[in-house]
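Single-structure report; data block below.
Number of protein chains: 2
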Amino acid sequence: MARIMLQHRLLEIAIAEFAAKGLEGASTRGIAAAAGTAMSSITYHYGGKEGLYLAAADYIAAQVCQEMAPVIDEIDLSGDIGAIEARRRIHDILLQMIDTMASDRSEAWSLFIMREQMAPTEAFDRIYGGLMGKMLETLCELVCITTGLNDRDTARIAVITLTGQVLVLRASRATVLKLMKRDTMDAEAVATLASHIAANTDAILDRLSMERQDPA
Amino acid sequence: MARIMLQHRLLEIAIAEFAAKGLEGASTRGIAAAAGTAMSSITYHYGGKEGLYLAAADYIAAQVCQEMAPVIDEIDLSGDIGAIEARRRIHDILLQMIDTMASDRSEAWSLFIMREQMAPTEAFDRIYGGLMGKMLETLCELVCITTGLNDRDTARIAVITLTGQVLVLRASRATVLKLMKRDTMDAEAVATLASHIAANTDAILDRLSMERQDPA
DNA sequence: GTCTATACTACGATAGAC
DNA sequence: GTCTATCGTAGTATAGAC
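Residue numbers (our numbering), protein chains in the order written: chain A, 64 to 279; chain B, 64 to 279.
As structure tokens, then:
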């Protein structure tokens, strides 16, 4: 039992290190030392640095899956939801994403994922397959429902731009903080950003709905 | 003269390496070898790996500055432009950003900058100070003009979300390509994305204009 | 100024003691 | 299973030849 906890601890430290310094920048020596164990235990359990990295990706996928489950699973029981309900769920998902992206609690996860997005390795497929793909497809479906669109390609582009507003909070954290003249992303700043993103989301979805009805 | 060209070549190779592998992942030996010179010349010219990295940041700042100059400098002669002209310039700047973010030509630049955004070092200040800060403040100003807003804080948040739609094209390139079921970002895909981003931009700016007139 | 040779450090992997 | 010791490799930095 204590062993299992130690493995979790090692993985969490590994994620923090990989997130901060990248795959090459992080050192197995440092990770092992921080976890209070010998470096060779990484070799034993994960086969090496690369194995540890992939295990970290799986761990993140599982954690994020758990975190997002409440707002995603809901869609499974969607026999036929209306446009208003679909839009509410879009807002729920984006809010959950904002919370995850902005919170310091999951800073390491988001940084790890962001690094993979920019320079994908095998780890990206695991994370994408774990939940991200499902979540994005769910968003596409919801966009189609709430706008009345049948064109999933257009819906996908809408999802890209909608999530872009959220991702920028982490991907360009340094710029966002400079622009907002802050040192940290406190709860108030997150709330302000969230309300503006929600309003933008409505504006974008309304535009898509209107274009469908009146393709002028 | 040939020496200067060699330094430029070395810097460009360094940028590509740093962009692809990060500061720790890139190797001075590899960079020097690819540039056809000895590793110690890096020490001589830049003082070491860190110095080369900062020089690469300055080089990028200068290049991006040159690239964006046409759409930014325009604002300098803005005695009093109208709401329509301001909005046109916002679209111009975003289009230029999309082109820079999406094109393979400047892939290394954007990756380098993205890495700095996620984990800022001294290099970030150089890039931000070089042009990015000025460009973002220009965008804020234009948003205020085109929406009639006096609240620059709101304008800054609008700029964050507007640029977020663009940045996601590079920051989450892997996800975007998966969603769009493509292997590469060809010109047609870029054009489609650009037109949707432009429409979203209008929707967001219209929303801000309307809220100002009717803050219900 | 630029390259060669070398010193020094840190990394990842592995073998073997316990 | 876990730790210690060690090996080979790769990195930066430096000194010195040219």
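For every residue, glycine included, the Cβ atom is placed at its ideal position computed from N, Cα and C.
Mapping DSSP to helix, strand and coil, what is residue i?
{"i": "A:Asp-269", "result": "helix"}
{"i": "B:Lys-244", "result": "coil"}
{"i": "B:Arg-189", "result": "helix"}
{"i": "B:Asp-277", "result": "coil"}
{"i": "A:Leu-232", "result": "helix"}
{"i": "A:Lys-168", "result": "In the sequence under discussion, the amino acid at residue 168 of chain A is Arg, which differs from the Lys named in the question. Coil, per DSSP."}
{"i": "B:Pro-183", "result": "coil"}
{"i": "B:Ala-261", "result": "helix"}
{"i": "B:Ala-254", "result": "helix"}
{"i": "B:Ser-173", "result": "helix"}
{"i": "B:Ala-77", "result": "helix"}
{"i": "A:Ala-218", "result": "helix"}
{"i": "A:Ala-89", "result": "coil"}
State the Cα-Cα distance for the pair residue i and residue j, rounded to the nearest angstrom.
{"i": "A:Phe-175", "j": "B:Gln-180", "result": "14 Å"}
{"i": "A:Arg-281", "j": "A:His-154", "result": "Since the first and last residues shown for chain A are 64 and 279, residue 281 of chain A lies out of range."}
{"i": "A:Thr-264", "j": "B:Lys-241", "result": "22 Å"}
{"i": "A:Val-229", "j": "B:Thr-100", "result": "44 Å"}
{"i": "A:Thr-217", "j": "B:Val-134", "result": "29 Å"}
{"i": "A:Gly-193", "j": "A:Cys-203", "result": "17 Å"}
{"i": "B:Asp-277", "j": "B:Asp-269", "result": "12 Å"}
{"i": "B:Tyr-191", "j": "B:Ala-125", "result": "11 Å"}
{"i": "A:Ala-262", "j": "B:Ala-165", "result": "27 Å"}
{"i": "A:Thr-201", "j": "B:Leu-232", "result": "20 Å"}
{"i": "B:Ala-171", "j": "A:Gly-145", "result": "44 Å"}
{"i": "A:Asp-162", "j": "A:Ala-77", "result": "23 Å"}
{"i": "A:Ala-149", "j": "A:Thr-210", "result": "9 Å"}
{"i": "A:Arg-66", "j": "A:Lys-244", "result": "45 Å"}
{"i": "B:Ala-82", "j": "B:Met-131", "result": "20 Å"}
{"i": "B:Lys-84", "j": "B:Ile-147", "result": "43 Å"}
{"i": "A:Leu-199", "j": "A:Thr-184", "result": "20 Å"}
{"i": "A:Val-253", "j": "B:Leu-212", "result": "21 Å"}
{"i": "A:Asp-246", "j": "A:Asp-143", "result": "45 Å"}
{"i": "B:Gly-93", "j": "A:Ser-90", "result": "20 Å"}
{"i": "A:Met-160", "j": "A:Thr-224", "result": "14 Å"}
{"i": "B:Met-177", "j": "A:Ala-237", "result": "10 Å"}
{"i": "B:Arg-114", "j": "B:Lys-197", "result": "It is Gly, not Arg, that sits at residue 114 of chain B in the sequence shown. So the two alpha carbons sit approximately 25 Å from each other."}
{"i": "B:Ala-250", "j": "B:Asp-167", "result": "11 Å"}
{"i": "A:Ala-98", "j": "A:His-71", "result": "10 Å"}
{"i": "A:Tyr-107", "j": "A:Val-127", "result": "27 Å"}
{"i": "B:Ser-104", "j": "B:Ala-118", "result": "14 Å"}
{"i": "A:Ala-255", "j": "A:Met-248", "result": "Note on residue identity: the sequence assigns Thr, not Ala, to residue 255 of chain A. Using only the alpha carbons, I get a separation of about 11 Å."}
{"i": "B:Tyr-109", "j": "A:Ala-257", "result": "43 Å"}
{"i": "B:Val-239", "j": "B:Glu-75", "result": "27 Å"}
State the start and end residues of the unbroken alpha helix (DSSP H) segment that holds residue i.
{"i": "B:Tyr-147", "result": "A quick correction: the sequence has Ile, not Tyr, at residue 147 of chain B. First-last of the alpha helix (DSSP H) with B:Ile-147: 146-165."}
{"i": "B:Gly-99", "result": "Premise fails: B:Gly-99 is in no alpha helix (DSSP H) and is neither H nor E."}
{"i": "A:Thr-209", "result": "196-210"}
{"i": "B:Asp-214", "result": "Where B:Asp-214 is concerned, there is no enclosing alpha helix (DSSP H), given that its DSSP letter is neither H nor E."}
{"i": "A:Ala-120", "result": "112-136"}
Taking C-alpha atoms, which residue in the options lies nearest to residue i?
{"i": "A:Leu-69", "options": "A:Ala-96, A:Ala-89, A:Glu-148", "result": "A:Ala-96"}
{"i": "A:Gly-111", "options": "A:Glu-87, A:Val-127, A:Ile-123", "result": "A:Glu-87"}
{"i": "A:Leu-73", "options": "A:Met-102, A:Lys-84, A:Gly-85", "result": "A:Met-102"}
{"i": "B:Ala-182", "options": "A:Asp-143, A:Ala-234, A:Thr-210", "result": "A:Ala-234"}
{"i": "A:Val-206", "options": "A:Ser-258, A:Ala-266, A:Ala-124, A:Ala-165", "result": "A:Ala-266"}
{"i": "B:Thr-226", "options": "B:Ala-82, B:Met-195, B:Arg-245", "result": "B:Met-195"}
{"i": "B:Asp-121", "options": "B:Leu-256, B:Asp-214, B:Ala-186, B:Ser-272", "result": "B:Ala-186"}
{"i": "B:Asp-214", "options": "B:Arg-275, B:Ala-257, B:Arg-151", "result": "B:Arg-275"}
{"i": "B:Ile-123", "options": "B:Ala-221, B:Glu-251, B:Ala-257, B:Arg-189", "result": "B:Arg-189"}
{"i": "A:His-259", "options": "A:Met-273, A:Leu-158, A:Ala-237", "result": "A:Leu-158"}
{"i": "B:Gln-129", "options": "B:Ser-169, B:Met-248, B:Tyr-107", "result": "B:Ser-169"}
{"i": "A:Ser-272", "options": "A:Met-248, A:Ala-221, A:Leu-256, A:Ala-257", "result": "A:Ala-221"}
{"i": "B:Ala-79", "options": "B:Tyr-116, B:Thr-106, B:His-108", "result": "B:Tyr-116"}
{"i": "A:Asp-136", "options": "A:Ala-118, A:Ala-119, A:Ile-156", "result": "A:Ile-156"}
{"i": "A:Ile-208", "options": "A:Ser-173, A:Val-239, A:Arg-152", "result": "A:Arg-152"}
Is any heavy atom of the ligand SAH found at a distance shorter than 7 Å from the C-beta of residue i?
{"i": "B:Arg-275", "result": "The model depicted lacks the ligand SAH and carries no ligand whatsoever."}
**Request:** Note down, in chain order, all residues in the segment 225-247 of chain A with a beta-carbon under 9 Å from any beta-carbon belonging to chain B.
**Result:** Leu-225, Thr-226, Gly-227, Gln-228, Val-229, Leu-230, Val-231, Leu-232, Arg-233, Ala-234, Ser-235, Arg-236, Ala-237, Thr-238, Val-239, Lys-241, Leu-242, Met-243, Lys-244
**Item:** Interfacial residues, the segment 181-202 of chain B to chain A, with Cβ spacing under 8 Å
**Value:** Met-181, Ala-182, Pro-183, Phe-187, Tyr-191, Met-195, Gly-196, Leu-199
**Prompt:** In the segment 210-224 of chain A, which residues sit with their C-beta less than 9 Å from some C-beta in chain B, listed in chain order?
**Reply:** Asp-216, Thr-217, Arg-219, Ile-220, Ala-221, Val-222, Ile-223, Thr-224
**Request:** Below 7 Å between beta carbons is the criterion; list the residues of the segment 94-115 of chain A that meet it against any residue of chain B, in chain order.
**Result:** none
**Residues in the segment 144-164 of chain A having any Cβ partner in chain B nearer than 8 Å** = none
**Request:** Please name the residues in the segment 251-263 of chain B whose beta-carbon is closer than 8 Å to at least one beta-carbon of chain A, in chain order.
**Result:** Thr-255, Leu-256, His-259, Ile-260, Ala-262, Asn-263
**Item:** Near-chain B residues of the segment 68-82 of chain A (beta-carbon distance less than 9 Å), N- to C-terminal order
**Value:** Ala-82
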